[in-house]
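> Residue numbering for the sequence shown is 1 to 408, as defined by the working numbering.
Backbone N, C-alpha and C fix where the C-beta goes; we use that ideal spot for every residue, glycine too.
If you're wondering where the values come from, they're calculated on a predicted model, not measured in any experiment.
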Amino acid sequence: MNKKIVCLFSLSAFLFSGCSFYKDKMAGYYLSKAEKIAAEEEASEEEIDSVYECLSRAVEYKPNLPKSVEVSEKITEASIKSGYKKAYELQIEFIKKYLKLNPYSWDVHLNLISAYSLKGDLRNLDFLIGEFENMERYEQDEKNKFSFLVLREIAHSNILPWIESQGYLSANVNSDHIVTYLSQYRNYMDKAEEIRKSLEDPKRADLKKSMDRLLADAYEVSVAEAFKNKNEIRRNRWISEKINSDQKFLKALKHTVEGNVYLLKKDYSSARILYKSALSNHEGFINAKKQMVEVDFQEAMSLALMKRDNTELKDSLYSCYDEINDMIEDSPSYFSRVPFVSNEKFLSDLYSLKAALISALMTVENFSPKKKRKIQAEFKTALDKAIEINPQNKLAKEIFERYRKDGI
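#1: Taking C-alpha atoms, which residue in Arg123, Ser147, Leu122 lies nearest to Glu133?
#2: How long is the line joining the alpha carbons of Ala355 and Ser222, rounded to whole angstroms?
#3: Can you give me the C-alpha to C-alpha distance between Phe297 and Thr256, rounded to a whole angstrom?
#4: Is there contact here, the segment 195 to 204 with the segment 232 to 245, by at least three beta-carbon pairs under 8 Å?
#5: State buried or exposed for Glu153, treating a residue as buried only when at least 16 other CB atoms are found within 10 Å of its CB.
#6: Between which two residues does the alpha helix (DSSP H) holding Val341 run?
#7: In this structure, does DSSP put Asp201 in helix, strand or coil?
#8: My assumption, with CB atoms under 8 Å, is that Ala386 sits in contact with Ser348. Please give the rounded CB distance.
#9: If you drop the 5 nearest sequence neighbours on each side, which residues of the same chain put their C-beta closer than 8 Å to that of Lys248?
#10: Would you say Lys228 touches the ligand PLP, meaning its beta carbon is less than 8 Å from a heavy atom?
#11: Within 8 Å, do at least three Cβ pairs link the segment 210 to 228 to the segment 154 to 161?
#12: Looking at the secondary structure, which residues open and close the alpha helix (DSSP H) in which Met135 lies?
#13: Using a threshold of 9 Å, state whether the C-beta atoms of Tyr98 and Val59 are closer than that.
#14: For Ser79, count neighbouring Cβ atoms within 10 angstroms of its own Cβ and tell me buried if that reaches 16, exposed if not.
#15: For Phe346, count neighbouring Cβ atoms within 10 angstroms of its own Cβ and tell me buried if that reaches 16, exposed if not.
#16: Would you say Phe335 and Ser359 are within 9 Å of each other, going by their C-beta atoms?
#17: May I ask you to report which of helix, strand or coil DSSP gives Lys228?
#18: Is the segment 43 to 54 in contact with the segment 89 to 107, if contact means three or more CB pairs nearer than 8 Å?
#19: Under DSSP, the alpha helix (DSSP H) around Asp296 begins and ends at which residues?
#20: Let me check understanding here. Comparing Cα to Cα, which of Glu77, Ile95, Tyr84, Glu41 lies closest to Glu53?
#21: From the DSSP output, in three-state form, read off Gln166 for me.
#22: Count the other C-beta atoms from every protein chain shown that fall within 10 angstroms of the C-beta of Leu11, then say buried if there are 16 or more, exposed otherwise.
#23: Can you give the Cα-Cα distance for Glu164 and Lys74, rounded to whole angstroms?
#24: If you count every other CB in all the chains shown that lies within 10 Å of the CB of Arg404, and 16 or more means buried, which is it?
#25: Just to confirm, is the Cβ distance from Val173 to Pro339 under 9 Å?
#26: Measuring only the C-alpha atoms, how far is Asp246 from Ser240?
#27: Under a three-way DSSP split, which group does Phe367 fall into?
#28: In whole angstroms, what is the alpha-carbon distance linking Glu398 and Ala171?
#29: In the DSSP assignment, the alpha helix (DSSP H) including Leu400 goes from what residue to what residue?
#30: Which class does Asp107 belong to by DSSP, given the choice of helix, strand or coil?
#31: Rounded to whole angstroms, what's the CA-CA distance from Asn325 to Asn390? Just pull it up for me.
#32: Going by Cα to Cα distance, which pick from Leu317, Asn229, Glu258 is closest to Glu344?
#33: Hey, could you find the ends of the alpha helix (DSSP H) Ala252 is sitting in?
#34: So, for Trp162: in the same chain, excluding its five sequence neighbours on each side, which residues have a beta-carbon less than 7 Å away from its beta-carbon?
#35: For Leu395 and Arg402, I'd like the C-alpha separation in whole angstroms.
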């Protein structure tokens, strides 16, 4: 009887080892096939598609196959460069499958977050947050549970800059959109702060020390970026609360954004009406006040093209110049009221507008040599300040390029 048991055990071990050998061979076969196509300088779209199919088959035979992820990244990068955008979607599907089979491959989770972040794919980043939350909920091991919470924080931190960017762009496009983006920003920021507080709990210090090094580094970088401007976080939170508690403030915000839309269309009358309405609803809405100067400046310049006498234009330019100077001098006492338009961006805009006004004055006014040197220095100071405060200031960069080529 004992001999039969030994024989059966030996046979089972042989069959198991044979099965394992077969799976390794099949995984190697499909991986090798994928690598061969990926190495080709020119592969058809059908061949590229087959790479992901081969990789998918390979991990079915051998789930823990890091090389398959490397191959998918290589072929995807090459395919996108050559214009085959579908490769990105195919790679994402493969990575999702790989992670289902290898849920503790932290580096691959990070790659997926990075892939979505680079494309600004907020829908899928949000989906990942839900997935990490479920994994954390059902995970039994405390160390892995902590790691899934870290992944949630990293995903939140990667979403926030994109919402800020889209919110900033909407300040000249749609008043409802900017309010929606602010609400989203507030929700994600509140959750990110809550998770961060949990992760930084001294009681969990040992878990934090023992987590995967790549995960720890990604966490530190993402959190540092998301929370780097505490003043801006407080300002956006204040605006969010003000919108929900003060209907006049909300109207001022919406009318300012709507005025921006008309200003871009060069419909100066409509823009001016909306900015005035914003200020009548909230006298301290400094963004609307600045935009009123912008309207006066742009309209004066456009009307001057149809007139020979520059007297009226000079008066308008000096008036705008004085108002901008006053706003710059008073800047420490107020802050930007528009979400995502930071105090730094707003102040930079004031300086670039001042530089533009001085440049216009130089073309219509005959200054004495002494006065000319003084105002040229003032122009350079304003332009330098605009770029120093916000290197991405579009108007400042345009003025700088003209100044570099043609002088003032």
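With the structure as the only source:
#1: Checking every option, the nearest Cα to that of Glu133 belongs to Ser147.
#2: So the two alpha carbons sit approximately 36 Å from each other.
#3: Each residue's alpha carbon lies about 17 Å from the other.
#4: A contact is defined here as three or more CB-CB pairs under 8 Å, and the segment 195 to 204 fails this definition with respect to the segment 232 to 245.
#5: Burial is judged here by how many other beta carbons sit within 10 angstroms of a residue's own beta carbon; Glu153 has at least 16 and is buried.
#6: No alpha helix (DSSP H) contains Val341, which DSSP labels as neither H nor E.
#7: It is coil, neither helix nor strand.
#8: The C-beta separation of Ala386 from Ser348 comes to about 5 Å, placing the pair in contact by the 8 Å criterion.
#9: Same-chain partners within the cutoff: Asn281, His282.
#10: No copy of the ligand PLP occurs in the structure displayed, which carries no ligand at all.
#11: Flag = yes, the segment 154 to 161 and the segment 210 to 228 touch.
#12: From DSSP, the alpha helix (DSSP H) with Met135 extends over 122 to 138.
#13: Contact: yes.
#14: Looking at its Cβ environment, which holds 16 or more other Cβ atoms inside 10 Å, Ser79 is buried.
#15: Around the Cβ of Phe346, a 10 Å sphere holds 16 or more other Cβ atoms; the residue is buried.
#16: It is not a contact, given that the beta carbons lie outside the stated cut-off.
#17: Three-state result, Lys228: coil.
#18: Contact between the segment 43 to 54 and the segment 89 to 107 is present: 3 or more CB-CB pairs across the two stretches fall below 8 Å.
#19: Looking at the DSSP string, the run of the alpha helix (DSSP H) that includes Asp296 is 286 to 304.
#20: From the listed residues Glu77, Ile95, Tyr84, Glu41, the smallest Cα separation to Glu53 is found for Ile95.
#21: In the three-state DSSP reduction, Gln166 falls in the helix class (H, G or I).
#22: Any answer about Leu11 is weak, because its pLDDT of 43 lies below 50 and its placement is not dependable; what the coordinates show is given next. It is exposed - the Cβ of Leu11 has fewer than 16 other Cβ atoms within 10 Å.
#23: Answer to the nearest angstrom: the Cα atoms are 31 Å apart.
#24: With fewer than 16 other Cβ atoms from the protein chains shown falling within 10 Å of its own Cβ, Arg404 counts as exposed.
#25: Not closer than 9 Å, so no.
#26: The C-alpha of Asp246 lies about 10 Å from the C-alpha of Ser240.
#27: If DSSP states are grouped into helix, strand and coil, Phe367 belongs with coil.
#28: Using only the alpha carbons, I get a separation of about 21 Å.
#29: Note that residue 400 corresponds to Phe in the displayed sequence, not to Leu. First-last of the alpha helix (DSSP H) with Phe400: 394 to 406.
#30: Asp107: helix per DSSP, three-state reduction.
#31: When only Cα atoms are considered, Asn325 and Asn390 end up about 18 Å apart.
#32: When each option's Cα is compared against that of Glu344, the closest is Asn229.
#33: Ala252 -> alpha helix (DSSP H) spans 247 to 264.
#34: So the list reads Gly120, Leu122, once near-sequence residues are dropped.
#35: If I take the Cα positions, the gap works out to 11 Å.
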